[in-house]
Every structure is written in structure tokens, then in C-alpha cells.
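Protein chains in written order, with the numbering used here: chain W, 243 to 392; chain R, 243 to 392; chain L, 100 to 172; chain P, 100 to 172. Using N, Cα and C, we set each Cβ at its ideal position, and we do this for glycine too. All figures in this text were calculated on a predicted structure; none of them were measured in a lab.
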């Protein structure tokens with residue numbers, strides 16, 4: 243399940259809702275990862291753009307991978323502005339097996355950071371500044387760059 | 243922080259309370275691991291005994307290890323009976339760094355399973371049956387066993 | 100006409116182009132100096148699938164998306 | 100007299116013993132056939148620290164705990 247929310251995530255409500263929807267399904271482990279915006283480098287918060295069609299494809303591919311291991315993934319992400327000390331991202335896995343769940347939350351979050359089509363901006367004096375130096379180029383980048391062939 | 247509760251854990255309340263107490267402390271990642279009792283092998287639930295002095299020592303040693311990496315650990319565990327589809331165990335880590343948090347929740351939960359002085363019983367027809375075959379002997383076990391020296 | 104979207108921080112309006120493949124799109128962008136900086140770091144999707152070959156044939160109604168470096172979470 | 104606790108599923112009442120070290124405790128338990136099965140799998144703590152040497156000296160007021168295999172969570 244993938245949820246996109248405008249602004250900060252209501253962490254308590256999302257965790258409660260996910261736990262409540264999963265607790266009777268005989269999964270033994272529920273591991274949420276909650277990302278919280280840190281106050282650093284003088285930012286007021288972060289802001290996000292999301293390209294939903296590719297995010298959905300990426301998430302659905304992971305859900306199929308989880309299903310093959312009898313696990314299930316849940317994810318919530320913010321669109322727009324998220325102020326310091328509030329949450330922009332929650333990912334969770336449920337699985338009958340602890341070790342499967344622990345490995346999957348790690349691999350899922352790391353792959354999310356490298357491949358989810360989401361763009362991050364620092365909010366500085368009310369303006370959005372693309373966090374270019376903290377961003378990761380996607381596979382195949384540079385395909386359309388002029389190559390100066392003779 | 244280590245909390246022991248009689249019976250099942252109130253997961254929603256514990257997660258909300260932990261998130262609320264941690265969100266303003268500038269940690270970027272909050273990862274709880276929630277253990278839920280699975281309905282399997284005809285059990286009605288699980289039951290737990292805890293030896294608190296050694297559990298406290300074990301937890302405090304982990305807290306020192308977490309502190310050395312600017313992380314912080316939280317844990318809640320049930321004493322007594324915990325019925326199927328309810329929770330007996332929550333462990334969580336907060337850290338400024340995602341990778342530190344993901345590694346630590348894995349290592350902490352695995353070490354917990356191997357070393358925390360907690361004894362598990364299946365509840366079968368209302369009776370406690372020690373889960374001996376799923377349990378792990380602690381370091382130095384067998385020290386006092388008769389060795390039949392000649 | 101295929102549609103070209105410039106996603107996220109590129110913040111350019113979409114355009115429509117009459118091309119047979121991505122090589123022609125590359126040629127089309129050749130003299131856009133400001134865009135070249137983005138193209139060096141952008142990945143390319145056709146109809147929401149990332150691609151990595153310039154000979155990828157493009158039809159009318161195809162959607163081409165340029166994706167700058169990402170940072171979710 | 101040192102106190103000996105039998106934790107968790109061992110479900111025996113504590114006892115008090117007059118011993119100088121753990122070797123003497125081992126000798127004391129030697130003929131308790133039922134306990135031997137537990138001793139094979141139990142770890143031993145003195146004053147809440149796990150120990151693994153029989154020559155560990157034991158004083159009066161020390162607490163010795165026998166810990167069967169564990170399974171938290």
C-alpha cells in the first residue's frame with residue numbers, strides 16, 4: 243500500500259492504522275521506518291516533488307518481490323512542504339519471519355533512496371532550493387547529453 | 243528506555259508516545275520493530291518470564307553502544323500472558339543517520355533473541371509449556387553439569 | 100507528436116516534438132546550452148519506463164520524461 | 100550462605116548453600132539426576148553477571164542464578 247499525503251505525515255495515526263490493519267493477519271514482525279526532517283544547515287524544512295507513475299511502478303515491483311517472500315510493504319510519503327521535526331516518509335514491512343522483515347526494511351529503504359522518483363528541496367528563507375548535491379542520478383542518466391562526436 | 247508491561251503491549255500508544263518523545267530531538271530516523279504473536283501450532287498465545295536484573299544490564303550495555311554512535315534505544319516487553327495477534331515486544335532505535343539506525347535495529351533485535359534473559363512458554367489449553375526447542379542456551383551453559391571425571 | 104516532460108527541479112513546461120527515436124531528441128536539444136547541464140545528469144523514461152538506448156523508437160502519443168537526480172524521504 | 104536461584108521454567112524454590120566456589124556447587128548438585136538435565140543447558144550468573152569459570156570464588160551473600168535457554172520477543 244502506497245499513500246501520498248500533502249505536507250507532513252501524521253505519524254501516530256498512520257502507524258496505528260497500519261498496525262491495526264495488519265495485526266490479525268498472522269505476520270509476526272511489523273517494522274516501520276520513520277524519516278523525520280532534521281534541523282540542520284539552517285533549513286526551515288524540506289519540500290518534495292513526486293512523479294507518481296514511476297513511483298507506482300517502482301513500488302509495485304517491490305510489492306511483488308515482498309509477496310514472493312510472504313511479506314507485505316506499506317509506504318507513505320509527503321508532497322510539498324514538510325517542516326523540521328516532522329515526518330515526510332514512512333516505510334514498513336510485515337512478514338511472518340523476523341529475519342526476512344529486518345533484511346527487507348533495509349533493502350527497501352536503501353533502494354527507495356537510490357531510485358524513487360522524488361525530488362527534494364531545502365526550504366531556506368521560505369524558498370525551495372533543489373538538494374542537488376544530496377541527490378542520486380538514476381540509471382541511464384546522461385543518455386541525451388551532447389557527446390561532441392565529430 | 244526499557245519498559246516492562248503486564249500482558250499484551252498497547253502498540254499504538256507505545257509507538258505514539260515514543261515518537262512524540264523523540265521527534266523534536268533531531269534524530270532523522272525512528273525504526274521500531276514490533277513483534278506480534280502468531281497463531282500457529284494450535285497455541286492460544288505465549289507467556290513470558292523475565293529476569294529483570296540481567297535484562298537491565300544487557301539493555302544498559304546496548305544503550306552505551308548506541309550512545310557511542312549518537313543513537314538511542316527504546317524497548318518494551320510483556321510479562322505473563324500475551325494472546326495470539328497481540329504484541330509482546332517492541333524495540334526501537336533513533337539515530338541521526340539512516341544507515342546506523344537500520345544496522346542497529348537488526349543487530350539489537352538479533353542479540354535480544356540470543357541473549358535477553360526471557361523465557362517463553364506456549365499457552366496450550368490454558369497451560370504454559372516451556373518453548374524449549376525454540377530457545378537458545380546462553381554463553382557458558384553447562385558449567386555446572388556433572389562431567390563424569392574419573 | 101511525442102510529449103517531453105521536464106520533471107522536478109527542471110521546472111520547464113512540457114513540449115511536443117516530432118521525432119522517430121531518442122537520437123533525434125538528443126540532436127534536437129544539441130544547442131540548448133542551459134539544458135545540457137541537466138541532460139548530463141537526467142535519466143530518460145518513455146511511457147514511464149526508464150530507458151538507456153538512443154535507438155529506442157518513439158511514436159506519436161509517446162510520453163518522454165526527463166528525470167533529474169532523486170532524493171526521497 | 101550463598102543463595103541459588105533456579106530461573107524461568109526450572110520452577111524450583113531458591114536454596115542456600117555454604118560453598119567457596121562454583122566447583123563445590125557442581126559437586127553439591129552431582130547426584131540430583133533431574134537437575135542434571137537442566138545443568139547441561141543452563142548458564143550461570145553470580146550477582147547478575149554471567150560467569151564461565153568453576154574456580155569463581157563465592158562469598159556469603161552472593162547470589163548465584165541458573166539461567167535456562169532463552170527466547171524473548
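Going along the chain, which residues of its own chain have a beta-carbon closer than 7 angstroms to the beta-carbon of residue i, five neighbours each way excluded?
{"i": "residue 287/R", "result": "279, 323, 324, 325, 326, 365"}
{"i": "residue 350/R", "result": "304, 315, 333, 335"}
{"i": "residue 354/W", "result": "333"}
{"i": "residue 159/L", "result": "100, 101"}
From the options, pick the residue whose C-alpha is nearest to that of residue i; which is it?
{"i": "residue 336/W", "options": "352/W, 354/W, 263/W", "result": "263/W"}
{"i": "residue 254/R", "options": "274/W, 351/W, 247/W", "result": "274/W"}
{"i": "residue 153/L", "options": "111/L, 120/L, 103/L, 107/L", "result": "120/L"}
{"i": "residue 277/W", "options": "339/R, 350/R, 285/R, 299/R", "result": "339/R"}
{"i": "residue 250/R", "options": "297/R, 258/R, 328/R", "result": "328/R"}
{"i": "residue 388/W", "options": "104/L, 107/L, 133/L, 105/L", "result": "133/L"}
{"i": "residue 283/W", "options": "367/W, 295/W, 252/W", "result": "367/W"}
{"i": "residue 170/L", "options": "334/W, 372/W, 299/W", "result": "372/W"}
{"i": "residue 381/R", "options": "122/P, 155/P, 159/P, 143/P", "result": "143/P"}
{"i": "residue 285/W", "options": "384/W, 349/W, 370/W", "result": "370/W"}
{"i": "residue 268/W", "options": "267/R, 269/R, 352/R, 281/R", "result": "281/R"}
{"i": "residue 108/L", "options": "137/L, 130/L, 116/L", "result": "137/L"}
{"i": "residue 122/L", "options": "130/L, 159/L, 155/L", "result": "155/L"}
{"i": "residue 352/W", "options": "374/W, 341/W, 378/W", "result": "378/W"}
{"i": "residue 299/W", "options": "341/W, 357/W, 311/W", "result": "357/W"}
Near residue i, which residues of its chain fall below 8 angstroms by C-beta distance, leaving aside the five closest residues on each side in sequence?
{"i": "residue 265/R", "result": "272"}
{"i": "residue 248/W", "result": "320, 321, 322"}
{"i": "residue 290/R", "result": "319, 320, 321, 322, 324, 330, 360, 361, 362, 363"}
{"i": "residue 261/W", "result": "272"}
{"i": "residue 118/P", "result": "101, 124, 127, 157"}
{"i": "residue 140/P", "result": "167, 168"}
{"i": "residue 104/L", "result": "113, 162, 163, 164, 165"}
{"i": "residue 115/P", "result": "100, 101, 102, 103"}
Is DSSP giving residue i helix, strand or coil here?
{"i": "residue 261/W", "result": "helix"}
{"i": "residue 385/R", "result": "coil"}
{"i": "residue 352/R", "result": "helix"}
{"i": "residue 277/R", "result": "strand"}
{"i": "residue 313/W", "result": "coil"}
{"i": "residue 112/L", "result": "strand"}
{"i": "residue 244/R", "result": "strand"}
{"i": "residue 295/R", "result": "helix"}
{"i": "residue 270/R", "result": "coil"}
{"i": "residue 153/L", "result": "coil"}
{"i": "residue 160/L", "result": "coil"}
{"i": "residue 126/P", "result": "helix"}
{"i": "residue 106/L", "result": "coil"}
{"i": "residue 357/W", "result": "helix"}
{"i": "residue 327/R", "result": "coil"}
{"i": "residue 251/W", "result": "strand"}
{"i": "residue 142/L", "result": "strand"}
{"i": "residue 345/W", "result": "helix"}
{"i": "residue 339/R", "result": "coil"}
{"i": "residue 256/W", "result": "helix"}
{"i": "residue 306/W", "result": "helix"}
{"i": "residue 101/L", "result": "strand"}
{"i": "residue 318/R", "result": "strand"}
{"i": "residue 334/W", "result": "strand"}
{"i": "residue 121/L", "result": "helix"}
{"i": "residue 392/R", "result": "With a pLDDT of only 47 at residue 392/R, under 50, the local geometry of the prediction cannot be trusted, and no value is derived from it."}
{"i": "residue 380/W", "result": "coil"}
{"i": "residue 167/L", "result": "coil"}
Under 8 angstroms by Cβ, that's how I've got residue i and residue j pegged, so tell me the actual separation to the nearest angstrom.
{"i": "residue 157/L", "j": "residue 101/L", "result": "5 angstroms"}
{"i": "residue 386/W", "j": "residue 151/L", "result": "With 8 angstroms as the limit, residue 386/W and residue 151/L do not qualify as a contact, their Cβ atoms being about 11 angstroms apart."}
{"i": "residue 257/R", "j": "residue 257/W", "result": "5 angstroms"}
Can you list, in chain order, the residues of its chain whose CB lies under 6 angstroms from that of residue i, leaving out five sequence neighbours each side?
{"i": "residue 147/L", "result": "none"}
{"i": "residue 244/R", "result": "301, 317"}
{"i": "residue 293/R", "result": "359"}
{"i": "residue 162/P", "result": "102, 146"}
{"i": "residue 345/R", "result": "none"}
{"i": "residue 376/W", "result": "none"}
{"i": "residue 149/P", "result": "142"}
{"i": "residue 343/W", "result": "271, 273, 335, 337"}
{"i": "residue 296/W", "result": "359"}
{"i": "residue 347/R", "result": "273, 275, 335"}
Closer than 8 angstroms is the cut-off here; do at least three beta carbon pairs connect the segment 308 to 319 of chain R with the segment 297 to 306 of chain W? no
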